[in-house]
Amino acid sequence: MGEPFTQIDAWYSNDPQKPLQFGKLDAKPIEDYDIDVKVLYCGLCSSDVRVLSGAYGPVHEEVCGHEIIGTVTRVGPEVKHLRVGDHVGIGGQCDCCTHCAACERGDEHMCPGLTFTIGMIQGPYKRGKAKGRLGQGGFAKQWRGNARFAFKIPDGVELASAGPLFCAGTTVFTPLRRFGAGKERNRVGVIGLGGLGHLGIQLAAALGADVTAISRGNSKEEDARKLGAKHYIATGSDLKKDFEKHQGSLDLIICTINPPDLDVDAYFTLLSAGGLFVPLGIPHKPLVIDPIGLILGQKGVVGSALGAPQDIKALLELCAKTGVKPWVQLWEFSDINKAIEAFNRGEPRYRFVLVNTDNGGEL
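Counting in my numbering, the sequence shown runs without a single skipped number right up to 365 at its last residue.
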């Protein structure tokens, strides 16, 4: 077992207006339930970019990255399900209270004491030796955190592309799984074909659903069909007109976009009776919904964020079984600032993954 580290080597920010800098930061204090991980790969998510931009508040020694793949180098005495040498993935959550109703029923991602892996919205750790500190993500050579939120990568899942499963994949899979995609809600629509959407299409198809991709214009139709969509709706400036021929054609809609003005009422026309609309992108403004659209047909809007350990395990099993795989482009970690610039230009098809080659990651 490796010696515990006291500092991490990380790419971090103290100023949203400046590039990330590389240097040493004090590591999270060790808990008996923690593991240490040598980071091999880490995905780049829009949440990382927004946090680093200062959108959620001032940044100080901010280490982002929450689609982490690495090798376990040390396990705490309370950790029973992982061993040194295991390859693991870590997503957007790094801690919970463990004793609330949500935690006790296995819905840790709904815990009021949830701590995100990166410093956003929910803020710092709320318990233990790290109380008051922000989480430290995977834009680093090392990671330390609660083993409860680290998951062994099964055989059949490629390490280099697995990272996005732990945020983008989990975010779309959880509502697909919980709201009956491929079962009682067989006809699934996925709005947006990006980091989340391209996995939403694959996963819905893998669950046996009849999938419709919904995206602006026709430029991504070929990709959508390769990913598993049987149908494609190209949208323009008049959504209600675009949807006239498709009314009532979907039982479940997974919305991965967050435009300034999301026209929920227009998308509601696509839903069948009892259909659900699940917004996953954090909207810029409050959602405005005509209650008639809810009442007639008993339709609903249901939120979803992250996923519980049970969801992540089911996701990994499905990917190992069916071959679902994120479409990624690999970047050397030393080029992280260039990767962020390219991300902001809209270049990912459909996820960027950063690689620690000196830790054993492979480009």
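Glycine included, every Cβ here is placed at the ideal spot set by N, Cα and C.
Unbroken alpha helix (DSSP H) run spanning residue i, endpoints
i, result
"A275", "Note, A275: premise wrong, no alpha helix (DSSP H); beta strand (DSSP E) at L273 to P281."
"H83", "Taken as a continuous stretch (DSSP letters only), H83 belongs to no alpha helix (DSSP H), as it is neither H nor E."
"E334", "No alpha helix (DSSP H) holds E334; the beta strand (DSSP E) holding it covers V330 to E334."
"C105", "A103 to E106"
"R180", "A170 to R180"
"V192", "Not the alpha helix (DSSP H): V192 falls in the beta strand (DSSP E), residues R189 to I193."
"K323", "P311 to T324"
"L161", "L161 to A164"
"F345", "I338 to N346"
"K243", "L241 to D244"
"K228", "E223 to L229"
"D50", "S48 to L54"
Rounded distance between the beta-carbons of residue j and residue i, thought under 8 Å
i, j, result
"R146", "D36", "6 Å"
"I255", "I193", "6 Å"
"G184", "A162", "Their Cβ separation, rounded to whole angstroms, is 28 Å, which puts G184 and A162 out of contact at 8 Å."
"L167", "G91", "7 Å"
"P31", "A132", "6 Å"
"L198", "L252", "About 17 Å; that fails the 8 Å criterion."
"C105", "C96", "About 14 Å separates the two Cβ atoms, so there is no contact after all."
Candidates the options: closest to residue i by CA position
i, options, result
"V159", "R351, A341, D360 and L320", "L320"
"M112", "H101, P293 and G121", "H101"
"D292", "G250, D267 and L84", "D267"
"D157", "L209, K222 and K323", "K323"
"G299", "C257, G230 and T271", "T271"
"F141", "S239, G302, L296 and A12", "A12"
"E80", "K232, E33, V355 and G108", "E33"
"D244", "D253, R135 and D265", "D265"
"V190", "G197, I203 and P60", "I203"
"D88", "K287, L229, L42 and C257", "L42"
"H200", "F181, T173, G78 and A275", "T173"
"K242", "S221, L273 and T258", "L273"
"S55", "Q19, D225 and G182", "Q19"
"G2", "V303, V290 and G125", "Absent from the structure is residue 2, since the part of the chain shown begins at 3 and ends at 365."
"Y14", "G137, C96 and G182", "G137"
"Q23", "G348, F345 and D337", "D337"
"V280", "D263, K301, K287 and P350", "K301"
"D225", "R107, G196 and K247", "G196"
"K232", "E246, N188 and G219", "N188"
Beta-carbon contacts of residue i that lie in its chain and below 6 Å, excluding the five residues immediately before and after
i, result
"T176", "S306, G309 and D313"
"G139", "V65, C66, G67, H68, T119 and I120"
"K327", "S163"
"G45", "E69, G165, P166, R353 and V355"
"G295", "D267 and F270"
"G363", "L42, Y43 and V357"
"L332", "V355, V357 and L365"
"G250", "S274"
Cutoff 7 Å; reference residue i; Cβ partners in own chain excluding five residues on either side
i, result
"T359", "E334 and L365"
"R76", "M3, G4, P6, I37, D38 and V86"
"Q9", "K26, L27, D28 and A29"
"G94", "H68, F118, T119, C169 and L308"
"P21", "N339"
"N361", "K40, V41, L42 and K143"
"R179", "D313 and A316"
"V122", "In the sequence as displayed, the identity of residue 122 is Met instead of Val. The residues are S49, V53 and Y58."
"F345", "L46, V51 and F354"
Continuous beta strand (DSSP E) stretch holding residue i: start and end
i, result
"V77", "I70 to V77"
"L382", "Examination of residue 382 is not possible in this model, given that the chain is present from 3 through 365 alone."
"F153", "A152 to K154"
"C96", "Q95 to D97"
heavy atom of the ligand MG below 6 Å from residue i C-beta
i, result
"A211", "The ligand content of the structure shown is nil, which means the ligand MG is not present either."
Sequence-distant residues of the same chain with beta carbon closer than 8 Å to residue i, five excluded per side
i, result
"H83", "A149 and K154"
"I284", "N260"
"E223", "A215, S217, Y234 and A236"
"G1", "There is no way to answer for residue 1, as the model of the chain reaches only from 3 to 365."
"C257", "I193, G194, L264, Y269, F279, V280, P281, L282 and G283"
According to DSSP, residues forming a beta bridge with residue i
i, result
"D38", "R76 and R146"
"E64", "S15"
"H200", "Beta-bridge pairing links H200 to no other residue."
"S217", "A236"
"R353", "V330"
"L252", "L273"
"F118", "Q95"
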